[in-house]
Amino acid sequence: IDKLIKMVKETKVREDKPKVIRNKTPDIVTRDYTIHLNKRLFGVTFKNRAPRAIREIKLFARKAYKTIDVRIDPGLNKYVWSRGIKNLPKKIRLRLSRRRNEDEEAKEKLYTIVSYVPVTDFKGLETENVDE
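Position 36, counted from 1, in the sequence shown is what this note's numbering calls 38; the numbers after and before it change by one each time, with no gaps.
Structural data, given as structure tokens:
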């Protein structure tokens with residue numbers, strides 16, 4: 003017991019480090035992303051490609067913005083389906099914007115809207131913050 007007491011007295015009391023305050027990601031954010039659809043739809047049956055593409059876009063938005071409620075803009079839906087059910091565009095430029103839910107009865111306080119950004123060339127495009 004004496005050894006134990008001696009050990010406890012000898013141990014150094016660690017000084018508390020100042021806590022690092024991390025900035026939370028702001029609630030309302032809008033960014034442009036490029037998604038490689040071919041990669042996500044490789045091996046998918048032709049008749050399931052367009053519906054699966056919409057699901058993959060929703061999944062991407064859910065992971066990127068951590069919101070369960072993801073809404074697809076009709077313009078994006080038309081662009082995905084414009085070449086038919088099986089001949090989808092290889093890449094697509096998306097604008098994801100996270101917004102507050104005005105509906106007071108909603109389960110989630112934030113939701114994400116995904117819309118299409120027309121682009122002629124994908125060379126050199128990166129994820130960009132968009133000021134609205």
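Glycine included, C-beta positions come from ideal geometry on N, C-alpha and C.
In the DSSP output, which residue or residues are listed as bridge partners for I37?
The residue you call residue 37 lines up with position 35 of the sequence shown. In the DSSP output, where bridge partners are listed per residue, I37 has I94.
Could you tell me if V132 is buried or exposed, where buried requires 16 or more neighbouring beta carbons within 10 angstroms of its beta carbon?
Counting from 1 along the sequence shown, the entry for residue 132 is found at position 130. The residue in question, V132, is exposed, as its Cβ has fewer than 16 Cβ neighbours within 10 Å.
CA-CA distance, I30 and L78?
Here residue 30 corresponds to residue number 28 of the sequence shown, with the count starting at 1. Here residue 78 corresponds to residue number 76 of the sequence shown, with the count starting at 1. If you take the alpha carbons of I30 and L78, they lie about 21 angstroms apart.
List in chain order: all unbroken alpha helix (DSSP H) runs of 4+ residues lying wholly within the segment 30-89.
Runs of the alpha helix (DSSP H) inside the segment 30-89: 39-42, 51-67 and 76-83.
Considering Cα atoms alone, identify which of R102, P76, L43 and F124 is closest to L61.
Residue 61 sits at position 59 when you count from the first residue of the sequence shown. The shortest C-alpha separation from L61 is found at L43.
The beta strand (DSSP E) that contains L112, what's its start and end?
In the sequence shown, the residue the question calls residue 112 occupies position 110. That run of the beta strand (DSSP E) goes L112 to Y118.
Taking just the CA atoms, how far does R57 sit from S84?
Counting from 1 along the sequence shown, the entry for residue 84 is found at position 82. Counting from 1 along the sequence shown, the entry for residue 57 is found at position 55. If I take the Cα positions, the gap works out to 17 angstroms.
Count the C-beta pairs between the segment 44-56 and the segment 98-105 that are closer than 8 angstroms, then say yes if the count reaches three, no if not.
No contact exists between the segment 44-56 and the segment 98-105.
Using a 10 Å radius around the Cβ and a threshold of 16 neighbouring Cβ atoms, would you call A63 buried or exposed?
Residue mapping note: residue 63 aligns to position 61 of the sequence shown, counting from 1. Flag for A63 reads buried.
Taking all protein chains shown into account, do 16 or more other C-beta atoms lie within 10 angstroms of the C-beta of V82, making it buried, or fewer, making it exposed?
What you label residue 82 is simply residue 80 of the sequence shown in a count that begins at 1. The residue is buried, with at least 16 neighbouring Cβ atoms inside 10 Å.
Have a look at K88 and E110 and give me their C-alpha separation to the nearest angstrom.
Counted from its first residue, the sequence shown places residue 88 at position 86. Counted from its first residue, the sequence shown places residue 110 at position 108. C-alpha separation (whole angstroms): 34 angstroms.
Give a yes or no on whether the C-beta atoms belonging to I74 and V116 are separated by under 7 angstroms.
Position 72 of the sequence shown, counted from the start, is the residue given in the question as residue 74. Position 114 of the sequence shown, counted from the start, is the residue given in the question as residue 116. Yes; because the gap between Cβ atoms is below 7 angstroms, this pair is in contact.
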